[in-house]
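Participant: Quick one: structure below, then a few questions.
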Amino acid sequence: MNFDVPLIQELGRSRRLPHSIGVTFLAVELAHKANLKLSDTKALLAAALLHDAAIPPYGHLVESELKFITPDFSHEENLAKIIRGTLGSGNSYQHIIRKKELKLTPILQKHGVDIESVINIVCPKKGTTSPISADIDIDNIDNVHRMAAMLGWEGAKENIKIIRNSMRLKGLSGLIFTKEAIEPLHKWLEFRERIYTMIIAHPECIPYNALQTDLVRLAVDHDIITPTDWYMTEPEFEEKLREKGSVTEELGWQLISGCEYKLVDYVWFKNFSSPKKLKNKEISDYMSSNVAETVKNSGYFVWNEKGLISRAIKITLDDNKIIHLGKNSTSCMIALVKKSPSQAKLTKAQSNKWRRAIIKSFTDLFEPESFDFDFPETYTGSFYSKTDELQLEH
1397 MNFDVPLIQE LGRSRRLPHS IGVTFLAVEL AHKANLKLSD TKALLAAALL HDAAIPPYGH
1457 LVESELKFIT PDFSHEENLA KIIRGTLGSG NSYQHIIRKK ELKLTPILQK HGVDIESVIN
1517 IVCPKKGTTS PISADIDIDN IDNVHRMAAM LGWEGAKENI KIIRNSMRLK GLSGLIFTKE
1577 AIEPLHKWLE FRERIYTMII AHPECIPYNA LQTDLVRLAV DHDIITPTDW YMTEPEFEEK
1637 LREKGSVTEE LGWQLISGCE YKLVDYVWFK NFSSPKKLKN KEISDYMSSN VAETVKNSGY
1697 FVWNEKGLIS RAIKITLDDN KIIHLGKNST SCMIALVKKS PSQAKLTKAQ SNKWRRAIIK
1757 SFTDLFEPES FDFDFPETYT GSFYSKTDEL QLEH
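Under our numbering, residues 1397 to 1790 are what the sequence shown spells out, in order.
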């Protein structure tokens, strides 16, 4: 999948292959408009097709957990190894898919595609950008509009058409836009904000997010997936998760039989700055250790993000004028989740007590100067809803 939350079925049908073909379609259009030389066109199209090829099953969720135990784990570096044919112990014909040898390197060589150019487009060197990797690029232009269209949102298809007609290549270093793109790029930012706000903070999504996080964490802790065999397919991974006698068996079956997790409460901290860079697991462990248990058989789900929901982008216009759009979001979702079918509702007094404890622990941990917050009952579907007047009830 090109999407991690199984609850939203419209997005569950979003796969990486059609997305990669969509990115390649945009690359073909741009190459033709720019009359790009053949060698650069081949490298750009190969990069567009391959840019997501080394993302593990369950995407960034698995990757972040693998990074926790192996900090240098990177899908970009793995992709470079696949393209160079050095994955594993230098075996360019390693089997990633059963009975299918990895022959990407000779295929690229056969078609005269420069391997290092492909890698530089997908994974540009620090401080540089490419049409596929930048604040605004054809990867996230396709992805956001694709999700918005699958959700049936008005204007998604029309918006990407305007952007397509208003952008061109700046060589292989990025994109240039006409002034007609400014308004549809604002709309792209709005689609992005609405999509990720729903994924992270919709009260119905959180139990599924928590289930998948627990599944993946167990799978990594018990070597069901490791930094050396990250490349298994999603069906293979899910089959391993449901294997009889596995520590993940019970949770793995909930992906099919239905999620039994229930949201108890959450505090969604927003618009804060902090000197701390913390991983989700570190935050959830801290909350478990510092906040008294409120509900039996419960745990914490945490999603800490910066620049995911909303992004500040810098675009270059065709008259060389630089335009800044949007702003970077910073938020931390801390949710209490019941991990059994029984209901677990807090009284208003219990909820206020838990929320105060979470807020205190959050401020102790992150040391923010200021922040906004939302609760399940104040969820609006917009990240930038007015939260400065929210107060905890006494």
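For each residue, glycine too, the CB sits at the ideal point set by N, CA and C.
Computed from a predicted model, the values in this text were never measured in an experiment.
1. Please go through the region 1630–1684 and give each complete beta strand (DSSP E) segment of 3 or more residues, from N-terminal end onward.
2. Ignore the nearest five residues each way along the sequence and tell me which others in I1591's own chain have a CB closer than 6 Å to its CB.
3. Classify E1428 as buried or exposed, calling it buried when 16 or more other Cβ atoms lie within 10 Å of its own Cβ.
4. What residue range is occupied by the uninterrupted beta strand (DSSP E) comprising D1770?
5. Please go through the region 1462–1550 and give each complete alpha helix (DSSP H) segment of 4 or more residues, from N-terminal end onward.
6. Need the endpoints of the alpha helix (DSSP H) that L1742 sits in, please.
7. Got a sec, what are the start and stop residues for the alpha helix (DSSP H) E1579 sits in?
8. I think A1444 touches T1420, with their Cβ atoms under 8 Å apart; what is that distance to the nearest whole Å?
9. What does the alpha-carbon distance come out to for the pair K1463 and F1469?
10. For L1732 and I1417, I'd like the C-alpha separation in whole angstroms.
11. Out of L1742, R1412, E1765 and P1772, point me to the one whose CA is closest to V1593's CA.
12. In angstroms, rounded to a whole number, what distance separates the CA positions of W1699 and L1713?
13. Spatial neighbours of H1415 within its chain, please: CB distance less than 8 Å, with the 5 preceding and 5 following residues excluded, ordered by chain position.
14. Under 6 Å Cβ to Cβ from Q1787, same chain only, skipping five residues before and after it: list those, please.
15. With T1437 as the anchor, note down where its beta strand (DSSP E) starts and where it stops.
16. Could you work out which residue in L1721, T1437, I1451 and G1641 is closest to G1508 when comparing CA atoms only?
17. By how many angstroms is the C-alpha of K1677 removed from the C-alpha of S1642?
18. In whole angstroms, what separates the C-alpha of I1515 from that of K1636?
19. Can you name the residues that DSSP bridges to V1733?
20. Beta-carbon separation of L1565 and L1426 under 7 Å?
21. For H1415, report the span of its alpha helix (DSSP H) as first-last.
22. What does the alpha-carbon distance come out to for the pair I1718 and I1572?
23. DSSP puts S1727 in a beta bridge; with which residues?
24. Going by DSSP, what residue range makes up the beta strand (DSSP E) through I1709?
25. When DSSP labels each residue in this structure, what does L1568 get in the three-state scheme?
26. Could you check the C-alpha separation between N1748 and S1725 for me, to the nearest Å?
27. Applying the criterion that 16 or more other CB atoms from any shown protein chain within 10 Å of the CB defines a buried residue, is T1524 buried or exposed?
28. What separation, rounded to the nearest whole angstrom, lies between the Cα atoms of L1407 and K1666?
29. With contact counted as at least three CB pairs below 8 Å, one residue from each stretch, are the region 1750–1757 and the region 1608–1619 in contact?
30. Determine whether the beta carbon atoms of G1695 and S1706 lie at a separation below 7 Å.
31. According to the neighbour-count rule (16 or more other Cβ atoms, all chains shown, within 10 Å of its Cβ), is Q1608 buried or exposed?
32. With distances taken Cα to Cα, identify the nearest neighbour of D1625 among E1459, R1411 and S1670.
33. Between the Cα of Q1746 and the Cα atoms of E1600, A1688 and F1587, which residue gives the shortest distance?
34. Rounded to whole angstroms, what is the Cα-Cα separation between L1504 and S1435?
35. DSSP beta-bridge partners for I1718?
Facilitator: From the atom records:
1. Fully enclosed beta strand (DSSP E) runs of 3 or longer: 1658–1666.
2. As a working mapping, residue 1591 is identified with position 195 in the sequence shown. Only M1543 meet the Cβ criterion.
3. By one-based count along the sequence shown, residue 1428 stands at place 32. Looking at the sequence provided, one finds His at residue 1428 rather than Glu. The residue in question, H1428, is exposed, as its Cβ has fewer than 16 Cβ neighbours within 10 Å.
4. Taking the sequence shown and counting its residues from 1, one reaches residue 1770 at position 374. Start and end: D1768 to D1770.
5. You should have 1471–1480, 1483–1486, 1500–1506, 1511–1518 and 1534–1546.
6. Here the question's residue 1742 lines up with position 346 in the sequence shown. The continuous stretches of alpha helix (DSSP H) do not include L1742, and DSSP gives it neither H nor E.
7. Here residue 1579 refers to the residue found at position 183 when the sequence shown is read from its first residue. In this chain, the alpha helix (DSSP H) harbouring E1579 covers I1578 to A1597.
8. The count along the sequence shown starts at 1 and reaches residue 1444 at position 48. The count along the sequence shown starts at 1 and reaches residue 1420 at position 24. Confirmed, about 4 Å.
9. Here the question's residue 1463 lines up with position 67 in the sequence shown. Here the question's residue 1469 lines up with position 73 in the sequence shown. Using only the alpha carbons, I get a separation of about 5 Å.
10. By 1-based counting over the sequence shown, the position of residue 1732 is 336. By 1-based counting over the sequence shown, the position of residue 1417 is 21. A straight line joining the alpha-carbon of L1732 with that of I1417 spans about 39 Å.
11. In the sequence shown, counting from the first residue as 1, residue 1593 sits at position 197. It is worth fixing the name first, because residue 1593 is Thr in this sequence and not Val. Nearest to T1593 by alpha-carbon distance, out of L1742, R1412, E1765 and P1772, is P1772.
12. One-based indexing of the sequence shown puts residue 1699 at position 303. One-based indexing of the sequence shown puts residue 1713 at position 317. Each residue's Cα considered, the two are about 35 Å apart.
13. Position 19 of the sequence shown, counted from the start, is the residue given in the question as residue 1415. Hits under 8 Å: N1398, D1448, D1538, N1539 and R1542.
14. The count along the sequence shown starts at 1 and reaches residue 1787 at position 391. For Q1787, the predicted model reports a pLDDT of 42, less than 50, meaning its position is unreliable; a value from the coordinates is still stated below. Excluding positions up to five away in sequence, the list is empty.
15. Here residue 1437 corresponds to residue number 41 of the sequence shown, with the count starting at 1. No beta strand (DSSP E) contains T1437, which is instead part of the alpha helix (DSSP H) from L1434 to L1446.
16. As a working mapping, residue 1508 is identified with position 112 in the sequence shown. Considering only alpha carbons, the answer is T1437.
17. By one-based count along the sequence shown, residue 1642 stands at place 246. By one-based count along the sequence shown, residue 1677 stands at place 281. Straight-line Cα distance between these residues: approximately 22 Å.
18. If you number the sequence shown from 1, residue 1515 lands on position 119. If you number the sequence shown from 1, residue 1636 lands on position 240. Roughly 32 Å separates the two Cα atoms.
19. As a first step, residue 1733 is located in the sequence shown; it is residue number 337 there, counting from the start. According to DSSP, V1733 bridges with L1659 and G1695.
20. Sequence index remark: in the sequence shown, residue 1565 carries index 169 (1-based). Sequence index remark: in the sequence shown, residue 1426 carries index 30 (1-based). Remark: C-beta atoms of L1565 and L1426 approach each other more closely than 7 Å.
21. Here the question's residue 1415 lines up with position 19 in the sequence shown. Per DSSP, H1415 belongs to the alpha helix (DSSP H) from R1412 to A1430.
22. Here residue 1718 refers to the residue found at position 322 when the sequence shown is read from its first residue. Here residue 1572 refers to the residue found at position 176 when the sequence shown is read from its first residue. Distance between the alpha carbons of I1718 and I1572 is about 10 Å.
23. Here residue 1727 corresponds to residue number 331 of the sequence shown, with the count starting at 1. For S1727, which the question treats as bridged, DSSP gives the partners K1666 and E1701.
24. Translated into positions along the sequence shown, residue 1709 becomes position 313. Bounds of the beta strand (DSSP E) holding I1709 are I1709 to T1712.
25. Residue mapping note: residue 1568 aligns to position 172 of the sequence shown, counting from 1. Note: L1568 maps to coil in three-state DSSP.
26. Taking the first residue of the sequence shown as position 1, residue 1748 is located at position 352. Taking the first residue of the sequence shown as position 1, residue 1725 is located at position 329. Rounded to the nearest angstrom, the two C-alpha atoms are 26 Å apart.
27. Locating residue 1524 in the sequence shown gives position 128, counting from the first residue. T1524 counts as exposed, since fewer than 16 other beta carbons sit within 10 angstroms of its beta carbon.
28. Taking the sequence shown and counting its residues from 1, the one referred to as residue 1407 is at position 11. Taking the sequence shown and counting its residues from 1, the one referred to as residue 1666 is at position 270. Between L1407 and K1666, the alpha-carbon positions lie close to 25 Å from each other.
29. Short answer: they don't touch.
30. Mapped onto the sequence shown, residue 1695 falls at position 299. Mapped onto the sequence shown, residue 1706 falls at position 310. The Cβ atoms of G1695 and S1706 lie no closer than 7 Å to each other.
31. The count along the sequence shown starts at 1 and reaches residue 1608 at position 212. So Q1608 counts as buried.
32. Along the sequence shown, read from residue 1 onward, the residue named residue 1625 stands at position 229. For the residues E1459, R1411 and S1670, the minimum Cα distance to D1625 belongs to E1459.
33. As a working note, residue 1746 is residue 350 in the sequence shown. Measuring from the Cα of Q1746, the nearest candidate turns out to be A1688.
34. Here residue 1504 is taken as the residue at index 108 of the sequence shown, counted from 1. Here residue 1435 is taken as the residue at index 39 of the sequence shown, counted from 1. Spanning the two alpha carbons is a distance of roughly 12 Å.
35. Residue mapping note: residue 1718 aligns to position 322 of the sequence shown, counting from 1. According to DSSP, I1718 bridges with T1712.
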